[in-house]
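The structure appears right after this line, and notes come after that.
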Amino acid sequence: MTGPADDTSLADDTSTADDRPPAADRLDRYRSMRDFEVTGEPSGIAEAPSAAGGDRFVVQRHRARRRHYDLRLEMGGVLVSWAVPKGPTLDARQRRLAVHVEDHPLDYFDFEGTIPEGEYGGGDVIVWDWGTWAPDEDDPVAAVEAGELHFDVFGERLVGHYALVRRGDGDQWLLIHKGDAHAVAGWDPEDHPTSVRSGRTNDEVRAEAEAIDQEPSDASASTAPRRAEVLGEASTLPEWDPPTPDELDALDALGAKGEWELQGRTLKLTNLDKVLFPATDDDAPVTKRDLIRYHAVIAPTMLRYLFDRAVNSNRFPRGVDAPGFWHKAVPSHAPDWITRWDYPGAGAKDTRTYIVPDSPATLAWLANYGAVELNPWNSRTASWEEPSWAYIDLDPGPRNDFDDVIVLARLHKVVLDSLGVRAGAKVTGKRGIQIWVPIAAGHSFEQAREWVETVSRAVGRTVPELISWAWNKKDRGGLARLDFTQNAINKTLVAPFSARPAPGAPVSVPITWDELDDPDLTPDRWTVRTVLDRVEEVGDPLAELVGLPQRLPPL
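Quick note, the working numbering runs 1367 ahead of the 1-based positions in the sequence shown.
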């Protein structure tokens, strides 16, 4: 990472703006200060792709000899860097010392991990904030050389107008947040100790590295890839009955509203003839009554992915043609028989009490509530810090067609097969494919995320023309993203067999791997009107993997 953590050593180890090397050699100083056979930092030898527009910024929280924060702005083909001992702030009354240090390579943008003790900057590093920035000046490199840079940042934590002003002729600058609408008096970066990349703290990054260092080694071990291990049978789930024909007839017989008895529960239904999904050339409109019926009938299949999990609902009470919104908290008018769960990790501003769908009646109630799309947590309520799946999300860009997505899915399958890893795929109901890898208890979200990232980066290197690793969509050049960041607490993906908010009510549906060869396969092939026939014919290809206690092999 950047230099030492105390102010004096930071200044001693850096060059002034006037004697910086030419642009082509701006990383020479960075490389000369590091032994890349020892440190895991990127060398910058292989040129990393710049974001479209070259406008990324990152702040890394770095605990070396002393804690500091490293602010890096992408310009001139490198990350121009300052070490900020007390960290950036939103408080306009604070003037933060910022020491100009050596330029860093572009692929340092998402670096997170440990630098060995005794090496330059030895310590632990997290990605504390990232996003994009926009300079006031036409030539920000010249502005830095002149000693004054004004710019806006658009991060997950930092936002607003800043200035960097050099003090005298040395490397010491001041970082100042202007008194704009984003300024917050008393704002302290230390109140936000986690990584925006992985959700980890510096302590967790260090502990994970120490645990790896302490693992016994076997010099005679084969260099062949380690294969996945299944620790036992898949865990069992309850079984649910579908609604009876009489219950469905009673739903059909209701007027625009009324009470419906479903498996002993009374549901008060409203606006049953409201069109939630407009018609398409191939499908008639779908009403709220239709969605309630679908939720009740698909429940025995869909609940295996929702049972004992908090759910985030994407609600469209006025129909998917109108803006929707995400809803997490249990509303005050929810029936007493709805199962609830209090999130132990909730902060002051977080949702605390969630709905846990565990019956056909709950799914029907959610449909009446306008919950078009259901996204379950990737963890059970009793083990909310441990994922049940490792998610591989193939998110196409505007320049990708579905054939590109199929190529990416097949390549991932090749890698998974080589590792002996069992996984299932599903179309998303929109444009993409997701691959769900069942994992045993004891894995952390960090382990799942890093494992998926390693696999996906290996795949990405084989088809660089199809994918982008840029964080922001506008920086991806219309290419696909292999999104490993979905593996985090409280991040969710659409449930199998959930509808998606689009005309015709397309559904996210598990598929067999052989179906990747089906020329008729599309990501939105099935709808709430057609998917029940598919389930009747082929079942649920993902079902056998639910709860499979599979250990991810080391990579």
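Every residue, glycine too, gets a C-beta built ideally from N, C-alpha and C.
Assumed close pair residue i, residue j - CB separation to whole angstroms, cut-off 8 Å
i: G1599; j: A1459; result: 58 Å between Cβ atoms; not a contact.
i: Y1397; j: G1411; result: 7 Å
i: W1540; j: F1518; result: Incorrect: roughly 13 Å between the Cβ atoms, too far for contact.
i: N1735; j: L1629; result: With a Cβ gap of about 11 Å, N1735 and L1629 do not count as contacting.
i: R1757; j: A1815; result: Residue identity check: residue 1757 is Ala in the sequence provided, not Arg. So it is a contact: roughly 4 Å between Cβ atoms.
i: P1754; j: F1812; result: 5 Å
i: P1920; j: V1788; result: 7 Å
i: D1477; j: R1430; result: The pair is not a contact, with the Cβ atoms about 18 Å apart (cut-off 8 Å).
i: A1862; j: P1743; result: 5 Å
i: P1873; j: W1893; result: 7 Å
i: Q1917; j: I1759; result: That pair is no contact at about 14 Å.
i: A1790; j: I1802; result: 5 Å
i: L1438; j: P1452; result: That belief does not hold up - the Cβ atoms of L1438 and P1452 are roughly 11 Å apart, past 8 Å.
Option nearest residue i by Cα separation, candidates the options
i: W1880; options: T1647, P1452, L1888; result: L1888
i: D1688; options: I1659, R1867, L1639; result: R1867
i: L1621; options: D1725, L1541, N1638, P1645; result: N1638
i: T1611; options: R1398, V1664, V1563; result: V1664
i: D1770; options: R1524, Y1758, V1794; result: V1794
i: E1832; options: L1775, P1684, S1865, G1787; result: L1775
i: R1401; options: S1448, G1488, R1434; result: G1488
i: A1510; options: N1857, F1521, G1522, R1533; result: R1533
i: P1698; options: A1715, G1686, R1719; result: R1719
i: Q1427; options: L1394, G1522, D1506; result: G1522
i: W1331; options: R1594, F1851, V1739; result: The structure shown does not extend to residue 1331, since the chain spans only 1368 to 1922, so no value can be given for it.
i: R1524; options: R1766, L1457, V1772, P1667; result: L1457
i: R1798; options: R1848, E1571, T1647; result: R1848
i: E1903; options: G1631, G1485, P1609, R1430; result: P1609
i: Y1529; options: I1856, E1512, E1504, G1535; result: E1504
i: V1662; options: D1536, W1607, R1777; result: Before going on, a small fix: residue 1662 reads as His here, not Val. Minimum Cα distance to H1662 is reached at W1607.
i: L1542; options: A1601, V1466, D1536; result: V1466
i: E1614; options: R1632, E1575, K1624, P1605; result: R1632
i: D1395; options: H1435, V1445, R1433; result: V1445
i: N1767; options: H1779, V1913, L1846, K1716; result: L1846
i: R1660; options: A1677, L1634, E1882, R1393; result: L1634
i: A1513; options: D1762, V1526, L1531; result: L1531
Endpoints, beta strand (DSSP E) assigned at residue i
i: K1793; result: 1791-1794
i: M1442; result: 1434-1442
i: T1647; result: Note, T1647: premise wrong, no beta strand (DSSP E); not H, not E.
i: E1628; result: 1625-1629
i: R1848; result: 1848-1850
i: E1469; result: 1462-1471
i: Y1758; result: 1756-1762
Range covered by the alpha helix (DSSP H) that runs through residue i
i: Q1934; result: The structure shown does not extend to residue 1934, since the chain spans only 1368 to 1922, so no value can be given for it.
i: E1515; result: No alpha helix (DSSP H) holds E1515; the beta strand (DSSP E) holding it covers 1515-1522.
i: W1732; result: 1727-1735
i: Q1814; result: 1812-1829
i: L1783; result: 1769-1785
i: L1618; result: 1612-1620
i: H1662; result: 1655-1669
Buried versus exposed call for residue i [16 or more other C-beta atoms within 10 Å across all chains shown]
i: H1700; result: exposed
i: A1591; result: Note that A1591 scores a pLDDT of 49, beneath 50, so its modelled location is shaky; the value from the coordinates is reported in the next line. Label assigned to A1591: exposed.
i: E1479; result: buried
i: T1603; result: exposed
i: A1372; result: Interpretation of A1372 is limited by its pLDDT of 34, a score under 50 that renders its predicted location unreliable; the figure taken from the coordinates is listed afterwards. Buried, since its Cβ has 16 or more Cβ neighbours within 10 Å.
i: R1594; result: exposed
i: W1449; result: buried
i: A1586; result: The predicted position of A1586 is uncertain, since its pLDDT is 38 and thus under 50; a value taken from the coordinates is nonetheless stated next. Exposed: under 16 other Cβ atoms inside 10 Å.
i: G1714; result: exposed
i: G1485; result: exposed
i: D1538; result: buried
i: F1424; result: buried
i: L1915; result: buried
i: S1680; result: buried
i: H1441; result: Strictly speaking, residue 1441 in this sequence is Glu, with His absent from that position. So E1441 ends up on the buried side.
i: V1447; result: buried
i: E1404; result: exposed
i: A1623; result: exposed
i: A1391; result: Low per-residue confidence applies at A1391: pLDDT is 46, beneath 50, and the placement is therefore not dependable, though the value from the model is reported in the following sentence. It counts as exposed.
i: L1899; result: buried
i: F1683; result: buried
i: F1864; result: buried
Notebook entry, point to check: Any contact of the region 1737-1747 with the region 1817-1829, i.e. 3+ C-beta pairs under 8 Å?
Noted result: The answer is no - the region 1817-1829 does not touch the region 1737-1747, with fewer than three Cβ pairs under 8 Å.
Check: Taking three-plus beta-carbon pairs below 8 Å as touching, is the region 1897-1913 in contact with the region 1711-1725?
Finding: Too few Cβ pairs lie closer than 8 Å, so no.
Note to self: If contact is defined by three or more beta carbon pairs under 8 Å, each pair taking one atom from either stretch, is the region 1834-1851 in contact with the region 1647-1663?
What the structure shows: Too few Cβ pairs lie closer than 8 Å, so no.
Next item on the list: Would you check if the region 1493-1508 and the region 1556-1564 touch, i.e. whether three or more CB-CB distances between them fall below 8 Å?
Entry: Yes, the region 1556-1564 is in contact with the region 1493-1508.
Item checked: Sufficient close CB pairs (3 or more, under 8 Å) joining the region 1546-1560 to the region 1466-1473 -> Of all C-beta pairs linking the region 1546-1560 to the region 1466-1473, fewer than three are shorter than 8 Å, placing the two stretches out of contact.
Notebook entry, point to check: Is it a yes or a no for the region 1870-1886 touching the region 1794-1803, going by three-plus beta-carbon pairs under 8 Å?
Noted result: Judged by pairs of C-beta atoms under 8 Å, the region 1870-1886 touches the region 1794-1803, as three or more such pairs exist.
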